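Chemist:
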Amino acid sequence: EDQVTQSPEALRLQEGESSSLNCSYTVSGLRGLFWYRQDPGKGPEFLFTLYSAGEEKEKERLKATLTKKESFLHITAPKPEDSATYLCAVQAYSSASKIIFGSGTRLSIRP
Amino acid sequence: SAVISQKPSRDICQRGTSLTIQCQVDSQVTMMFWYRQQPGQSLTLIATANQGSEATYESGFVIDKFPISRPNLTFSTLTVSNMSPEDSSIYLCSVDFATSSYNEQFFGPGTRLTVL
Chain A
2 EDQVTQSPEA LRLQEGESSS LNCSYTVSGL RGLFWYRQDP GKGPEFLFTL
52 YSAGEEKEKE RLKATLTKKE SFLHITAPKP EDSATYLCAV QAYSSASKII
102 FGSGTRLSIR P
Chain B
108 SAVISQKPSR DICQRGTSLT IQCQVDSQVT MMFWYRQQPG QSLTLIATAN
158 QGSEATYESG FVIDKFPISR PNLTFSTLTV SNMSPEDSSI YLCSVDFATS
208 SYNEQFFGPG TRLTVL
């Protein structure tokens, strides 16, 4: 069964304090691993798709990496506006575009 | 990318009634998806809606409770029928853009439903 586990559940950082969020996954034939940002009361905002182990993608202060078992979302020198819930999701080749979400990491950046 | 709108953005409904949620996309897409996000939880797929065919429902979701229409390539509706307080959630539609070289899914802003 395809599964996604995110850790930690919540993370509080000081502004400028870099850290990483973890996404462990089990999937039969990875088609893509997605990262989303979700602000309260809003729909998820697409950040990245990663396709194969070793791949990295960057956007502003965010960098996503992928191995065969997990993905990391690295946040460098975060700002208070980076506070949000970050969701990881996977899609299998056999799933006909269905994606399975993890439970998310609630990130809070203190000024 | 895609611009996705949903109507209504929120509603408060009485037990036993039904609500139809609309999802409009600014470009033609083959596949549209409906998700539910219960309070404090992550997203759960309800069904996949392809134009011209019956929606495919995930385990735990049935057509009588969540009928879906997909009349064209830019529009879909989800109806939440005979509502109970347990149906209070955010309902989201999403669309899939995929080619041989990339794969992205985008979400609408969601419809926040409260059932009294």
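From first to last, the protein sequence lines stand for chains A and B.
Remember, our numbering sits 1 above the position in the first sequence when you count from 1.
Remember, our numbering sits 107 above the position in the second sequence when you count from 1.
Every residue, glycine too, gets a C-beta built ideally from N, C-alpha and C.
Predicted, not measured: the structure shown is a model, and the values here were computed from it.
1) If we require 3 or more residues per run, which beta strand (DSSP E) segments fall completely within the stretch 16-75 of chain A?
2) Within the 8 angstroms Cβ cut-off, does B/F213 reach chain A?
3) Please go through the same chain and pick out, in chain order, the residues whose beta-carbon is closer than 6 angstroms to the beta-carbon of B/T184, but skip the five residues on each side of it.
4) Check whether chain A comes within 8 angstroms of B/S149, counting only Cβ atoms and requiring the distance to be less than that.
5) Looking at the secondary structure, which residues open and close the beta strand (DSSP E) in which B/V178 lies?
6) Assign B/E165 to one of three DSSP states: helix, strand, or coil.
7) Which residues of the stretch 148-171 of chain B have a Cβ closer than 9 angstroms to any Cβ of chain A? Give them in chain order.
8) So, with DSSP's three-state summary, where would you put B/D203?
9) Mapping the DSSP letters down to three states, classify B/S160 as helix, strand or coil.
10) Using only alpha-carbon positions, find the residue among A/T50, A/I100, A/S109 that is nearest to A/Q4.
11) Say whether chain B places a C-beta atom closer than 8 angstroms to the C-beta of A/P45.
12) Would you mind stating whether A/T106 and A/Q7 have Cβ atoms separated by less than 8 angstroms?
13) Along the chain, where does the beta strand (DSSP E) containing B/E211 start, and where does it finish?
14) Between B/G217 and chain A, is the shortest Cβ-Cβ distance under 8 angstroms, so that the two count as touching?
15) Check A/S95 in the structure and name its three-state DSSP category.
16) Please report how far the alpha carbon of B/S201 lies from the alpha carbon of A/L48, in whole angstroms.
17) Can you list, in chain order, the residues of its chain with a C-beta nearer than 6 angstroms to that of A/T27? Leave out the 5 residues immediately preceding and following it.
18) For a test of the three-state rule: what should DSSP assign to A/D83, helix, strand or coil?
19) Cβ closer than 9 angstroms: which chain A residues qualify as neighbours of B/N210?
20) Classify B/I53 as buried or exposed, calling it buried when 16 or more other Cβ atoms lie within 10 Å of its own Cβ.
21) Determine the direct distance from the alpha carbon of B/S149 to that of A/C89, and round the result to whole angstroms.
22) So, using beta-carbon positions, are B/I197 and B/Q121 closer together than 8 angstroms?
Modeler: Checking against the coordinates, here is how it stands:
1) 20-27, 31-39, 46-51, 57-60, 63-67
2) Locating residue 213 of chain B in the second sequence gives position 106, where the first residue counts as 1. It does: the Cβ of B/F213 has a partner Cβ on chain A nearer than 8 angstroms.
3) Stepping through the second sequence from its first residue, residue 184 of chain B is reached at position 77. Same-chain partners within the cutoff: T127, Q129, S176.
4) Position 42 of the second sequence holds residue 149 of chain B. It does: the Cβ of B/S149 has a partner Cβ on chain A nearer than 8 angstroms.
5) Counted from its first residue, the second sequence places residue 178 of chain B at position 71. Sequence inspection shows Pro at residue 178 of chain B; the Val mentioned does not correspond to that position. Start and end: 175-179.
6) As a working note, residue 165 of chain B is residue 58 in the second sequence. B/E165 falls in the coil class under three-state DSSP.
7) Q148, S149, L150, T151, L152, T155, T163, E165
8) As a first step, residue 203 of chain B is located in the second sequence; it is residue number 96 there, counting from the start. B/D203 falls in the strand class under three-state DSSP.
9) Along the second sequence, read from residue 1 onward, the residue named residue 160 of chain B stands at position 53. Note: B/S160 maps to coil in three-state DSSP.
10) Within the first sequence, residue 4 of chain A is the residue found at index 3, counting from 1. Answer by Cα proximity: A/I100.
11) Along the first sequence, read from residue 1 onward, the residue named residue 45 of chain A stands at position 44. So, interface residue.
12) Your numbering for residue 106 of chain A matches position 105 in the first sequence. Your numbering for residue 7 of chain A matches position 6 in the first sequence. Using a Cβ distance threshold of 8 angstroms, A/T106 and A/Q7 count as a contacting pair.
13) Mapped onto the second sequence, residue 211 of chain B falls at position 104. Boundaries of the beta strand (DSSP E) around B/E211: 210-214.
14) Counting from 1 along the second sequence, the entry for residue 217 of chain B is found at position 110. Yes, because at least one Cβ of chain A sits closer than 8 angstroms to the Cβ of B/G217.
15) Taking the first sequence and counting its residues from 1, the one referred to as residue 95 of chain A is at position 94. Helix.
16) Here residue 201 of chain B is taken as the residue at index 94 of the second sequence, counted from 1. Here residue 48 of chain A is taken as the residue at index 47 of the first sequence, counted from 1. Cα to Cα, B/S201 sits roughly 15 angstroms from A/L48.
17) Counting from 1 along the first sequence, the entry for residue 27 of chain A is found at position 26. Cβ neighbours of A/T27 beyond the five flanking positions: Q4.
18) Locating residue 83 of chain A in the first sequence gives position 82, where the first residue counts as 1. Note: A/D83 maps to helix in three-state DSSP.
19) Your numbering for residue 210 of chain B matches position 103 in the second sequence. The answer, in chain order, is R32, G33, F35, T50, Y52, Q92, S98.
20) Outside the shown range of chain B (108 to 223) lies residue 53 of chain B, about which nothing can therefore be said.
21) Taking the first residue of the first sequence as position 1, residue 89 of chain A is located at position 88. Taking the first residue of the second sequence as position 1, residue 149 of chain B is located at position 42. Rounded to the nearest angstrom, the two C-alpha atoms are 10 angstroms apart.
22) Taking the first residue of the second sequence as position 1, residue 197 of chain B is located at position 90. Taking the first residue of the second sequence as position 1, residue 121 of chain B is located at position 14. No, Cβ-Cβ distance for B/I197 and B/Q121 is not below 8 angstroms.
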